[in-house]
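Visitor:
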Amino acid sequence: MARIALFLLPSFIPSRLSSLPPRDARRSCRAERVGPTAYLDGMRGVAAFAVFFCHYFYTCFRIAEGYGYGDKNYNIMKLPFIRLWYQGPPMVCVFFVISGYALSLKPLKLARAAAASRSSPSSTSSPSPTEAFSTTMSSFIFRRFFRLFLPTAASTFLIVILLRIGAYEGTRDFAHNKEFMRNVQETHPERLETTSAQLWDWGRAMFEFVHVWDWKQFGGSTAYDVHLWTIPVEFRCSMVLFLTLNGLARLRTAVRLVLLVLLALFCYRSDRWEMLLFYSGTILAEMDLIRNAHRDPATNAAMALPPASAELPTMLSSSPALLRSPTSNSPGFTNHGRPRPLRRMLWSALSILALYFMSQPDVGSEDTPGWVFLTSCIPEWWTDKYRYWQTIGSILFVAAVGRLPFWQRVFNTSPVQYLGRISYAVYLMHGPVLHTVGYLIEARSWEAVSAAEKGGEARYIAGFVLGSLFIVPIVIWAADVFWRTVDAPVVRFSKWLERVCSVGRSICEAYTAECQGTISFSVIVFKSSGQQTQRHIVILASGK
1 MARIALFLLP SFIPSRLSSL PPRDARRSCR AERVGPTAYL DGMRGVAAFA VFFCHYFYTC
61 FRIAEGYGYG DKNYNIMKLP FIRLWYQGPP MVCVFFVISG YALSLKPLKL ARAAAASRSS
121 PSSTSSPSPT EAFSTTMSSF IFRRFFRLFL PTAASTFLIV ILLRIGAYEG TRDFAHNKEF
181 MRNVQETHPE RLETTSAQLW DWGRAMFEFV HVWDWKQFGG STAYDVHLWT IPVEFRCSMV
241 LFLTLNGLAR LRTAVRLVLL VLLALFCYRS DRWEMLLFYS GTILAEMDLI RNAHRDPATN
301 AAMALPPASA ELPTMLSSSP ALLRSPTSNS PGFTNHGRPR PLRRMLWSAL SILALYFMSQ
361 PDVGSEDTPG WVFLTSCIPE WWTDKYRYWQ TIGSILFVAA VGRLPFWQRV FNTSPVQYLG
421 RISYAVYLMH GPVLHTVGYL IEARSWEAVS AAEKGGEARY IAGFVLGSLF IVPIVIWAAD
481 VFWRTVDAPV VRFSKWLERV CSVGRSICEA YTAECQGTIS FSVIVFKSSG QQTQRHIVIL
541 ASGK
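Take 1 as the starting number for the sequence shown in the UniProt record's numbering and just add one per residue.
Below, the structure is given as structure tokens:
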């Protein structure tokens, strides 16, 4: 029981209260080290939390309209910038830009290293950067399905279990009670008559969830959790992006960048906002490599590691092209890669403008003060009008943050980095929590404040705030447990499965390669490790 209690504690509880095995403790320490692109994880965490707030708020309040729209929208919470804390659509745009960046950065680095090795025939790295690129892309494509769909299968299967034990029945009436759910009544999953019928229905829903055959916006969306519609979109865009990276890998950097911009413009004119965001992330990654934004040598070495290579130390030591980054002599930057004061001021102003664009109201922007002119600039052929400036704003904001140390420090703080680690789990778990224990707590909260005969709207808000004091921590706790039990193990499982399925590898060899890869990485990055540890590494490496 003590072990179970310790396991159920959130992971941010001080380690002295837990009993982490040494290997897990080392993994936890490695996860806390902040790399040059860690701010993107923090940004993803904040975005996931804002999406949770959106789905929490919009059942009770009209949050889509902007400040000054109509006669009733004068709440301070609807002002630009402030509304971003609970506005979901622009955060989805941020997700997609970050995904495009993160999925492209390592392949682009390897493509540039391969180009450098081709221009220096004397390099005799094994494997070559070209082989490393091929291995990396194969790994990304193989693991992407498991990374996205195994956690969603687990979270929706948990919903099936909750349905069968009656957890959703206790809140079914409340979920459709317009006295409390004043705005949006979300789809409450249906409990079927038998368990076998429920499992069959869940299996059918999961089959349809892998929606790859058309680009319908909510294609594949499942009634078990209506919030998950972005996952099939993410998968489709990832596959198109991987195809693009493969096709452009051997081109010169300037040519590749021009073609990426043309592809982004093609997506823009084709009204494919999601693919535009992915390509924009790739363009930002390429531009960051051109200006040598990632100067941490340990991180650069780690980024160049091919996923399934047993010869990583040899490759890194014999191929300076992989560790070499192009230098930038741009007049707008100092020798340390930081923007000069004037350039920093311009990027800071652009980041504020980007946040304003991201604050575009989801409804009625054409009649909202501050948005009338901007809305008139939206092309007629752009279908989702409310996403236009949100899309542009999210691209500009990610670009600006990459050039502003202040914003990076904000997203690199420990609480924000923690949100980044559990971001996918927050996205998957907030729906089940809200529809079960969340609605139950909300009902009890409004009962607790209903004793007052007067108050009206103030009493309603007081009940909502009272419920949030319990619901928000529960969502964080549930996401933390899901991250440790499902999300993180899925990442390790997909890597292990890839190694097992790779040509010429047995299960034992795959495990050995994983151990050697971890050990070799620690030798390269952490040169200050003790003599005893180094001798242990030498013994393992020589015992192959």
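Virtual Cβ for every residue (Gly too), placed ideally from N, Cα, C.
Going residue by residue through the region 404-457, where are the continuous alpha helix (DSSP H) segments of at least 4 residues, counting only ones entirely within it?
Guide: DSSP runs (the alpha helix (DSSP H)) wholly in the region 404-457: 405-411, 414-421, 423-433, 439-449.
Visitor: Under a Cβ-count criterion, where at least 16 other Cβ atoms within 10 Å of its own Cβ denotes burial, should M137 be classed as buried or exposed?
Guide: Result: buried.
Visitor: Helix, strand or coil: which one does DSSP assign to T136?
Guide: T136 falls in the helix class under three-state DSSP.
Visitor: Using three-state DSSP, classify E186 as helix, strand or coil.
Guide: If DSSP states are grouped into helix, strand and coil, E186 belongs with coil.
Visitor: If you compare alpha carbons, which of F157, S414, I474 is closest to G42?
Guide: The option with the nearest alpha carbon to G42 is S414.
Visitor: How many Å lie between C60 and P89 at the Cα?
Guide: If I take the Cα positions, the gap works out to 18 Å.
Visitor: Please list, in chain order, all residues of the same chain as Y168 whose beta carbon is under 7 Å from its beta carbon, the five residues on each side excluded.
Guide: Once the five neighbours on either side are set aside, the close Cβ partners of Y168 are L162, H188, P189, R191, H435, T436.
Visitor: Apart from the five residues just before and just after G431, which ones in its own chain have a Cβ nearer than 6 Å to its Cβ?
Guide: D225, H227, listed in sequence order.
Visitor: Which residues does DSSP list as the beta-bridge partners of T222?
Guide: BP columns for T222 point to D225.
Visitor: For the structure I just gave you, are there three or more beta carbon pairs, one from the region 85-105 and one from the region 272-291, closer than 8 Å?
Guide: At 8 Å Cβ cutoff, the stretches touch.
Visitor: Can you name the start and end residues of the alpha helix (DSSP H) that A205 belongs to?
Guide: Looking at the DSSP string, the run of the alpha helix (DSSP H) that includes A205 is 195-209.
Visitor: Mark E380 as exposed unless 16 or more other C-beta atoms lie within 10 angstroms of its C-beta, in which case mark it buried.
Guide: Burial call: exposed.
Visitor: Kindly confirm or deny that the region 204-212 and the region 171-181 touch, where touching means at least three C-beta pairs closer than 8 Å.
Guide: With the cut-off at 8 Å, the region 204-212 and the region 171-181 do not touch.
Visitor: Drop a sphere of 10 angstroms on the beta-carbon of D288, count the other beta-carbons inside from all chains shown, and report buried for 16 or more, exposed for fewer.
Guide: Result: buried.
Visitor: Between the C-alpha atoms of F49 and G420, what's the straight-line distance to the nearest angstrom?
Guide: Near 9 Å, if we compare the C-alpha coordinates of G420 and F49.
Visitor: Would W213 be called buried (16 or more neighbouring beta carbons within 10 Å of its own) or exposed?
Guide: The residue is exposed, with fewer than 16 neighbouring Cβ atoms inside 10 Å.
Visitor: Below 8 Å, how does it come out for the region 60-71 and the region 362-372: are there three or more Cβ pairs, yes or no?
Guide: Touching, yes, given that three or more Cβ pairs across the two stretches are closer than 8 Å.
Visitor: Is the number of C-beta pairs between the region 342-359 and the region 386-402 that are closer than 8 Å three or more?
Guide: As far as the Cβ criterion goes, the region 342-359 touches the region 386-402, which means the pair count is three or higher.
Visitor: Please return the same chain residues whose Cβ sits closer than 7 Å to the Cβ of Y424, not counting the five positions on each side in sequence.
Guide: Result list for Y424: P151, D487, in chain order.
Visitor: Which stretch, first to last residue, makes up the alpha helix (DSSP H) that contains Q360?
Guide: Q360 -> no alpha helix (DSSP H), and no H or E assigned at all.
Visitor: Which of helix, strand or coil does DSSP assign to E498?
Guide: Helix at E498.
Visitor: Report buried or exposed for Y86, applying the criterion of at least 16 other Cβ atoms within 10 angstroms of its Cβ.
Guide: Y86 comes out buried.
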